[in-house]
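Visitor: Okay, here's the structure, questions in a sec.
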Amino acid sequence: MSGYDEVVPAGEPWMGVVRRGQSLRIVDLEGNQAVDTLFYNAADTAEHYSAQNTIQAQGRIYLTTGTTLLSNRGNALLRIEEDTCGRHDTLGGACSAESNTVRYALEKRSMHSCRDSFLLALARHHEGGLTKRDLPSNINFFMNVPVTPTGELRFADGISAAGRHVQLRALVDTLVLISNCPQLNNPCNAYNPTPIRVMTWDNA
Amino acid sequence: MLWEEEIPGGAHWSAVIRRGVVLRLTASGADANVAALFYSREQPLERYNMADTLKAQHIAHLTTGCVCYSDMGRILCSITADTCGWHDPLCGLTDAALIAARYGATRFQEQRNQRHVSGRDAMLVELGKYGLGERDLVANINFFSKVVVDEAGALKLEPGHSKAGQYVDLRFEMDTIVALHAGPHPLATTKKYAPPAIRLQARRGAPPAADDPCRTRCPENTRGYINTERMYAS
């Protein structure tokens with residue numbers, strides 16, 4: 000089986016299949032870049048990563064080494080086997096043209112967004128039949144979105160840095176959908192979206 | 000009052016609620032939980048979005064003044080009154096495996112309508128009535144449940160949070176498919192499957208005024224109402 004080794008510029012989607020037993024590494028090349036990510040069972044894409052199943056099972060909202068990513072059907076899709084960042088977000092979701100009008104200003108509708116990248120990638124993925132219906136809450140790798148004990152959501156300074164990575168082992172054949180976030184209004188990435196590197200390989 | 004109805008504990012329910020109607024959910028007992036999902040009646044691909052709701056209002060819990068956003072930057076409903084104080088938007092639904100492990104497996108054959116229905120099955124049934132299914136099942140709200148997150152990210156359900164008679168008012172800003180399940184919270188530790196019944200009361204509400212507390216809670220919500228009102232402008 001061959002692997003990928005690609006640099007994905009900010010504002011671009013990426014899709015690929017990680018076979019069962021293969022590893023997927025995402026490298027935050029320049030630091031504090033949001034990598035909005037969804038995972039689907041490649042054999043049946045109605046089964047996908049579920050933030051709710053995952054945080055229920057581990058009793059914690061953040062993802063790091065040892066976290067098993069569960070599907071909406073309660074099955075294990077991938078396990079995080081390495082993480083040099085330490086914490087990844089399950090709650091912040093993906094930016095969109097429409098949510099930008101709410102969060103920042105009505106005039107920001109035309110700015111590029113993760114959900115637009117997701118939709119274009121799904122539309123180009125002809126064999127999958129995937130649509131907007133198939134966009135549940137995604138992971139934001141390298142983002143720090145803490146919840147306070149009084150129930151506030153904070154967009155805190157990033158805790159990632161140039162060269163940090165997260166690495167996952169696929170437990171089933173997994174379709175990966177990434178939007179390398181183009182958000183220009185986000186202090187988490189210092190208002191500067193940057194490239195990432197996506198690698199996959201076979202394990203012995 | 001337009002109508003009222005009771006959802007027995009453990010049962011599921013759905014309806015189309017029109018823009019301008021206020022739906023009151025009242026807990027008939029302590030430690031209630033109501034899983035809730037919202038879809039635009041006009042285009043159900045537009046649906047309640049947890050992340051957009053939390054991000055816009057910088058919250059990880061819902062109470063008076065908060066609104067429930069769709070993924071299209073619009074407001075499906077607003078929380079105009081709440082005597083409970085905290086509703087959980089994070090933890091999702093129970094599924095059949097969790098219910099069987101915690102409360103024991105049940106079948107209709109033996110238990111009749113006292114069987115233990117899971118949140119996921121309840122929602123799949125209600126969504127199916129509108130042509131919706133598993134792919135439409137997104138993160139839900141758990142009304143009447145309080146889940147606190149500590150510094151390390153650990154989730155903790157607060158036992159005894161809700162009391163009998165407490166209510167929450169949802170003022171609908173769009174024609175909305177509402178699906179509810181009066182079932183236990185996924186983090187509940189009670190040994191018995193005995194979620195309290197929920198009283199539903201619908202009444203006609205006044206349109207949100209310029210100084211409406213949900214509208215003025217934050218600039219984000221002001222813009223959310225503008226987006227919503229634009230869709231109904233004619």
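Order-wise, the sequence lines are chains F and H. The first sequence begins at 0 in numbering that gives the first Met the number 0 and counts up by one. The second sequence begins at 0 in numbering that gives the first Met the number 0 and counts up by one. Where a beta carbon is used, it is the ideal one built from N, C-alpha and C, also for glycine.
Give me the Cβ distance between S159 of chain F and C84 of chain F, rounded to the nearest whole Å; I'm assuming they're in contact under 8 Å.
Guide: 5 Å
Visitor: Give the residues of chain F in contact with C90 of chain H, contact being defined as C-beta atoms less than 8 Å apart.
Guide: Neighbours of C90 of chain H on chain F, chain order: Q51, I54 and Q55.
Visitor: Measure the C-alpha to C-alpha separation of C83 of chain H and N143 of chain F and round it to an integer number of angstroms.
Guide: 30 Å
Visitor: Does the Cβ-Cβ distance between V223 of chain F and I195 of chain F come in under 8 Å?
Guide: Any answer about residue 223 of chain F is impossible in this case: the structure gives chain F only from 0 up to 203.
Visitor: For T207 of chain F versus L62 of chain F, is the C-beta distance shorter than 8 Å?
Guide: There is no way to answer for residue 207 of chain F, as the model of chain F reaches only from 0 to 203.
Visitor: Could you tell me which residues DSSP puts in a beta bridge with L62 of chain F?
Guide: F:H87
Visitor: Using a Cβ-Cβ cut-off of 8 Å (strictly less than) and excluding sequence neighbours within five positions of V146 of chain F, which residues of its own chain qualify?
Guide: I60, L90, L152 and R153
Visitor: Looking only at DSSP bridge pairs, what is L69 of chain F linked to?
Guide: F:A75
Visitor: Which residues in the same chain as C65 of chain H place their Cβ atom closer than 8 Å to its Cβ, once the five residues preceding and following it in sequence are excluded?
Guide: T52, Q56, I58, S77, I78, C213 and R216
Visitor: So with CB distances below 7 Å, who are the chain F contacts of R222 of chain H?
Guide: T100, V101 and L105
Visitor: How big is the Cα-Cα spacing for G182 of chain H and P43 of chain H?
Guide: 24 Å
Visitor: Identify the residues that DSSP records as bridge partners of F142 of chain H: which are they?
Guide: H:V33
Visitor: Measuring only between beta-carbons, confirm whether L136 of chain H sits less than 8 Å from chain F.
Guide: yes
Visitor: Using a cut-off of 7 Å between C-beta atoms, extract the partners of V146 of chain F located in chain H.
Guide: A59 and V148
Visitor: I'd like to know if the region 123 to 137 of chain F and the region 98 to 109 of chain H are in contact, where contact means that at least 3 CB-CB pairs between them fall below 8 Å.
Guide: no
Visitor: Given a limit of 8 Å on CB to CB distance, which residues of the region 163 to 191 of chain H reach chain F?
Guide: P185 and L186
Visitor: Check the DSSP bridge columns for I138 of chain F and list the partner residues they point to.
Guide: F:T36
Visitor: In terms of residues, what are the limits of the alpha helix (DSSP H) holding T53 of chain F?
Guide: A50 to Q57
Visitor: Is G91 of chain F close to chain H, meaning its C-beta is less than 8 Å from at least one C-beta of that chain?
Guide: yes
Visitor: For L154 of chain H, which residues in chain F fall below 7 Å Cβ to Cβ?
Guide: I54, G58, R59 and I60
Visitor: Assuming G67 of chain H and V146 of chain H make a contact with CB atoms under 8 Å, what is their CB distance in whole Å?
Guide: Contrary to the premise, residue 67 of chain H reads as Cys rather than Gly in this sequence. Cβ-Cβ separation between C67 of chain H and V146 of chain H: approximately 17 Å, too far for a contact (criterion under 8 Å).
Visitor: How about E29 of chain F: is its C-beta nearer than 8 Å to some C-beta of chain H?
Guide: No, its Cβ sits nowhere closer than 8 Å to a Cβ of chain H.
Visitor: Less than 6 Å between C-beta atoms, sequence neighbours within five positions excluded: which residues of the same chain meet that for R73 of chain H?
Guide: N226 and T227
Visitor: Beta carbons nearer than 7 Å to chain H: which residues of the region 129 to 145 of chain F have them?
Guide: K131, R132, D133, P135 and S136
Visitor: Would you say the region 190 to 198 of chain H touches the region 67 to 85 of chain F, given that touching needs at least three Cβ pairs under 8 Å?
Guide: no
Visitor: Distance, Cα to Cα, V20 of chain H vs Y166 of chain H?
Guide: 16 Å
Visitor: Where does T248 of chain H sit, in a helix, a strand or coil, going by DSSP?
Guide: The structure shown does not extend to residue 248 of chain H, since chain H spans only 0 to 233, so no value can be given for it.
Visitor: Any contact of the region 94 to 112 of chain F with the region 178 to 187 of chain F, i.e. 3+ C-beta pairs under 8 Å?
Guide: At 8 Å Cβ cutoff, the stretches touch.
Visitor: Flag this pair as yes or no: are the beta carbons of Y39 of chain F and T199 of chain F separated by less than 8 Å?
Guide: no
Visitor: Work out the CA separation of A161 of chain F and L123 of chain H for me, nearest whole Å.
Guide: Distance between the alpha carbons of L123 of chain H and A161 of chain F: 43 Å.
Visitor: How do the region 98 to 107 of chain H and the region 1 to 10 of chain H stand: do at least 3 beta-carbon pairs fall below 8 Å, yes or no?
Guide: Fewer than three Cβ pairs drawn from the region 98 to 107 of chain H and the region 1 to 10 of chain H lie within less than 8 Å of each other, which leaves the two stretches out of contact.
Visitor: Since L167 of chain F meets chain C, which of its residues come closer than 7 Å, beta carbon to beta carbon?
Guide: Any reference to chain C falls outside this structure, whose protein chains are F and H.
Visitor: Label R123 of chain F either buried or exposed according to how many other C-beta atoms from any shown protein chain fall within 10 Å of its C-beta, with 16 as the threshold for buried.
Guide: exposed
Visitor: Out of curiosity, what's the CA-to-CA distance linking Y190 of chain F and G157 of chain F?
Guide: 12 Å
Visitor: List the residues of chain F that G265 of chain H touches, going by C-beta distances under 7 Å, in chain order.
Guide: Residue numbering for chain H in the displayed model covers 0 to 233; residue 265 of chain H lies beyond these limits and cannot be assessed.
Visitor: So, is the C-beta of A55 of chain H closer than 8 Å to a C-beta in chain F?
Guide: yes
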